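Reading through the C-alpha cells given below for one structure.
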Amino acid sequence: MGIVIILGIIGAVIIFLEGSQDFIMVLYYELYTVGFYFVIFLAVAIMDNKITGKLAKYYKEKEELLKGEHSDLISKLTFISNEITNFDDIVDRLRIINDEVIYREYYKEKGGILGL
C-alpha cells in the first residue's frame with residue numbers, strides 16, 4: 001500500500017508541475033485505490049484472525065483429550081472430518097470404543113459367552 005501512495009503522490013506532483021488540473025483526479029484515484037486495498041487487507045486480516053482462533057481452540061481441546069484419563073481410547077480414534085463434526089461425536093465414538101474394550105475384557109475373564 002505504501003508503494004501505491006508514493007506512486008500516486010509522484011504522479012500528482014508531475015501532473016501539477018505540467019500545469020494541468022488533473023492532479024486532483026490522480027489524488028482522488030490514489031485515495032480510492034488505497035481505500036479499496038485497505039478494506040480488502042482488513043477483511044482478510046479479520047478472517048485470518050477468526051480462523052486462527054478456531055484452530056487454536058480445536059488443537060487445545062485435542063491436546064486436553066490426549067492428556068486425559070482416556071488417552072489410550074482416544075489414540076484409537078481417527079479424526080476424519082466427514083465423520084466427526086463436533087465434540088459430541090468424539091464423545092459418542094469414545095463411548096463405543098470403551099464399551100468394546102469392556103466387552104472384550106469381560107469375555108476373556110468369563111471364558112466365552114457361556115462363561116465356561
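Residue numbers (our numbering): 1 to 116.
Ideal Cβ positions, reconstructed from N, Cα and C, are used throughout, including at glycine.
Note that the structure is predicted; figures quoted are calculated from it, not measured.
Next item on the list: Could you give the DSSP three-state label for GLU18: helix, strand or coil?
Entry: In this structure, GLU18 counts as coil in the three-state DSSP scheme.
Item checked: Whole-angstrom distance between VAL34 and ILE10, CA atom to CA atom -> Distance between the alpha carbons of ILE10 and VAL34: 15 angstroms.
Next item on the list: Compute the beta-carbon to beta-carbon distance between GLY8 and LEU27, rounded to the nearest angstrom, for a pair I have assumed lies under 8 angstroms.
Entry: Between GLY8 and LEU27 the beta-carbon gap is near 7 angstroms, inside 8 angstroms, which marks them as a contact.
Note to self: As an exercise, report each continuous beta strand (DSSP E) stretch of at least 3 residues that is fully enclosed by the segment 21–58, in chain order.
What the structure shows: Within the segment 21–58, no complete beta strand (DSSP E) run reaches 3 residues.
Notebook entry, point to check: Given a threshold of 16 other Cβ atoms within 10 Å of its Cβ, counted over all protein chains shown, does ALA43 qualify as buried or as exposed?
Noted result: So ALA43 counts as exposed.
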